[in-house]
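Structure record follows, encoded as structure tokens.
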Amino acid sequence: MSMNEMMPAQGRNEAVRAIDGTMHKNTEVPRVDITVQSDQRPLCGYDVDHLQAMTRLDCREMSVAMAVLPSRYGALIRSSAMLSVEQEILLRLYMRNKMPVSWHKHSAAEVFDYLYGRMLKQFPAGQQQNGARVMLFRRFGCLMGKSRSRAYIWITSNQGVGKTTEMIFGKIHDMQLTREEIESVVEGIYRLREQSLDSEAPLPTPEVVGVNRPGRRAKTCRSFANGLSF
Numbered sequence: 008m009s010m011n012e013m014m015p016a017q018g019r020n021e022a023v024r025a026i027d028g029t030m031h032k033n034t035e036v037p038r039v040d041i042t043v044q045s046d047q048r049p050l051c052g053y054d055v056d057h058l059q060a061m062t063r064l065d066c067r068e069m070s071v072a073m074a075v076l077p078s079r080y081g082a083l084i085r086s087s088a089m090l091s092v093e094q095e096i097l098l099r100l101y102m103r104n105k106m107p108v109s110w111h112k113h114s115a116a117e118v119f120d121y122l123y124g125r126m127l128k129q130f131p132a133g134q135q136q137n138g139a140r141v142m143l144f145r146r147f148g149c150l151m152g153k154s155r156s157r158a159y160i161w162i163t164s165n166q167g168v169g170k171t172t173e174m175i176f177g178k179i180h181d182m183q184l185t186r187e188e189i190e191s192v193v194e195g196i197y198r199l200r201e202q203s204l205d206s207e208a209p210l211p212t213p214e215v216v217g218v219n220r221p222g223r224r225a226k227t228c229r230s231f232a233n234g235l236s237f
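If you count the sequence shown from 1, you need to add 7 to reach our numbering.
Have a look at this one:
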């Protein structure tokens with residue numbers, strides 16, 4: 008069965024915005040030095056093209072796999088512009104396991120519970136658990152290259168999940184990745200962008216949960232995820 012048959016081909020607006028070269032309005036997406044090994048730099052469209060050659064998929068099948076409109080796919084694979092964080096997560100997961108994403112859709116709440124549910128339950132109900140939940144929402148958002156508020160909307164209303172993120176959810180399930188494994192992949196992506204998942208969205212601990220830190224403005228992953236699409 009082809010990749011095109013395995014995956015739906017609609018709802019790719021977030022990926023398209025990244026291909027248009029917009030992290031924020033009027034902001035140029037950084038270019039990647041493709042002479043550097045792919046494990047030592049952020050990925051770009053040329054890496055998508057390389058994976059397509061390895062898998063022997065046609066352009067339409069690969070555009071579906073990457074949640075990109077076929078009409079925009081040609082521009083993507085000819086570009087050295089840094090991929091959005093979510094696109095790079097998906098591509099690196101394909102590089103580890105080239106199997107297509109299964110048809111079954113997994114909700115954000117389901118994936119959050121799979122990755123962080125057990126950890127959250129270790130905190131006493133009430134203020135500590137609520138504080139831990141806020142930190143884990145932030146962690147989950149950053150894990151998908153998004154903000155805490157975006158993760159909150161995903162989980163509480165089951166709305167707003169883009170096609171690229173849906174496919175990441177599917178790959179996590181299909182590859183049976185543990186929390187540590189997917190976090191390692193994403194931490195590596197941020198590190199190559201001179202940022203850190205652990206610094207931006209640390210895991211909750213009993214010592215920090217519920218502690219107010221005056222004067223510190225809330226930040227989102229949007230400030231450091233170069234190439235991010237919103």
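Backbone N, C-alpha and C fix where the C-beta goes; we use that ideal spot for every residue, glycine too.
Continuous alpha helix (DSSP H) stretch holding residue 133: start and end: In the sequence shown, counting from the first residue as 1, residue 133 sits at position 126. Note, residue 133: premise wrong, no alpha helix (DSSP H); not H, not E.
If you reduce the DSSP assignment to three classes, tell me which class residue 106 lands in. Here residue 106 refers to the residue found at position 99 when the sequence shown is read from its first residue. Residue state, collapsed to three classes: coil.
Would you report the Cα separation of residue 67 and residue 97, rounded to the nearest angstrom? For the purposes of this step, residue 67 is taken as residue 60 along the sequence shown, with counting starting at 1. For the purposes of this step, residue 97 is taken as residue 90 along the sequence shown, with counting starting at 1. Using only the alpha carbons, I get a separation of about 17 Å.
Could you pull out every residue in the same chain whose Cβ sits closer than 6 Å to the Cβ of residue 216, ignoring the five residues on either side in sequence? Position 209 of the sequence shown, counted from the start, is the residue given in the question as residue 216. Around residue 216, the same chain offers 135, 138 and 139 as residues with beta carbons nearer than 6 Å, after the five sequence neighbours per side are excluded.
Burial state of residue 129, where buried means 16 or more other Cβ atoms lie within 10 Å: For the purposes of this step, residue 129 is identified with residue 122 of the sequence shown, where counting begins at 1. By the 10 Å Cβ count, residue 129 comes out exposed.
May I ask which residues mark the beginning and end of the alpha helix (DSSP H) holding residue 177? The residue you call residue 177 lines up with position 170 of the sequence shown. For residue 177, the uninterrupted alpha helix (DSSP H) segment begins and ends at 170-181.
With 16 other CB atoms within 10 Å as the buried threshold, where does residue 161 fall? Here residue 161 refers to the residue found at position 154 of the sequence shown. Counting the other CB atoms within 10 Å of its CB gives residue 161 a total of 16 or more, which places it among the buried residues.
On a CA-only basis, which of 124, 149 and 178 is nearest residue 99? Give me that one, please. As a first step, residue 99 is located in the sequence shown; it is residue number 92 there, counting from the start. Nearest C-alpha to residue 99: 178.
Look up residue 63 in the DSSP assignment and say whether it is helix, strand or coil. Along the sequence shown, one-based indexing puts residue 63 at 56. Residue state, collapsed to three classes: coil.
Check whether the segment 101-114 and the segment 171-189 touch, using three or more Cβ-Cβ pairs below 8 Å as the test. Verdict: yes, contact present.
Terminal residues of the alpha helix (DSSP H) in which residue 205 lies: Walking along the sequence shown from the start, residue 205 turns up at place 198. Per DSSP, residue 205 belongs to the alpha helix (DSSP H) from 204-207.
Using the Cα positions of residue 173 and residue 42, report the straight-line distance between them to the nearest angstrom. For the purposes of this step, residue 173 is taken as the residue at position 166 of the sequence shown. For the purposes of this step, residue 42 is taken as the residue at position 35 of the sequence shown. Just so you know, the alpha carbons of residue 173 and residue 42 end up roughly 31 Å apart.
Three or more C-beta pairs closer than 8 Å, one from the segment 205-212 and one from the segment 51-63: is that the case here? A contact between stretches requires three or more CB pairs, one per stretch, nearer than 8 Å, and the segment 205-212 fails this requirement with the segment 51-63.
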